[in-house]
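**Student:**
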Amino acid sequence: MTPAMTPEALERGRTWLVDGELRPTRQRLTLAALLIGDGQDRHVTAESLHDAAIASGDRVSLATVYNTLRAFCDAGLMQEVTVDGTRSYFDTRMDEHPHFFMEDAGHLTDAPKAGIEIKTLPEVPEGYEVSKVDVVIRLRKKA
Numbered sequence: 008m009t010p011a012m013t014p015e016a017l018e019r020g021r022t023w024l025v026d027g028e029l030r031p032t033r034q035r036l037t038l039a040a041l042l043i044g045d046g047q048d049r050h051v052t053a054e055s056l057h058d059a060a061i062a063s064g065d066r067v068s069l070a071t072v073y074n075t076l077r078a079f080c081d082a083g084l085m086q087e088v089t090v091d092g093t094r095s096y097f098d099t100r101m102d103e104h105p106h107f108f109m110e111d112a113g114h115l116t117d118a119p120k121a122g123i124e125i126k127t128l129p130e131v132p133e134g135y136e137v138s139k140v141d142v143v144i145r146l147r148k149k150a
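Using our numbering, read the sequence shown as starting at 8 and increasing by one per residue.
1) Are the beta-carbon atoms belonging to V137 and V131 less than 8 Å from one another?
2) Could you give the first and the last residue of the continuous alpha helix (DSSP H) run that contains S55?
3) If contacts are defined as beta-carbon pairs under 8 Å, then A40 and A16 qualify, I think. What distance do you get, rounded to the angstrom?
4) Compare the C-beta of Y135 against all C-beta atoms of chain B and say whether one is closer than 8 Å.
5) Mind checking who Q86 pairs with in its DSSP beta bridge?
6) With DSSP collapsed to three states, give me the class of Y135.
7) Starting from I43, trace the beta strand (DSSP E) both ways and give me its first and last residue.
8) Going by the DSSP bridge assignment, what does F107 pair with across the sheet?
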C-alpha cells in the first residue's frame, strides 16, 4: 500500500487537499500522498494507513490518522465504508459503487456494478430521507 513518496506524489496530494479546501499541513500531505500519490484508488483502514506512514518515515499518531481520514471524508475527498458495524475502511473512489469484503483476509475491494439492481427501498420514517445506500457483498473461501 506504500506508493513512493515522490515529488509527483506529494504534488498530487497537495492538489487533492486544495481541491477539498483543506490546508496542506505536513501530516495531511503525507497521508494524502500515500492515499492518492500514484493516482490509484485505495481502500484503507486507519491502521493500515498509519503503518504506511510510519514505513515512509513520518511519525504520525494513530489518532491523527483517524482524525485526518474523517477530515478527508468531511471534505468529500473519500468515503467511509463500514463493514459489520465495527470496522471502517476509507475509499478514495468517490462514485457510487459496490464492494466485496473478503471475510477471511479482512480485505475490501471494488465490485463490478454490472448485475446489481436496487429497485425499491423500504419507506423511511417521517422527516428522513435516504442519503446513501452502501452495498457490501461479504465473501469467504469455499470449504
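Even glycine gets a Cβ: it sits at the ideal position worked out from N, Cα and C.
**Tutor:** So, to answer that:
1) Yes.
2) Boundaries of the alpha helix (DSSP H) harbouring S55: 53-62, taken from the DSSP string.
3) Confirmed, Cβ separation roughly 4 Å.
4) Reference to chain B is not applicable here, since this structure consists of a single protein chain.
5) Per DSSP, D98.
6) It is coil, neither helix nor strand.
7) Per DSSP, I43 belongs to no beta strand (DSSP E); it is in the alpha helix (DSSP H), 33-43.
8) Per DSSP, the beta-bridge partners of F107 are T116, I144.
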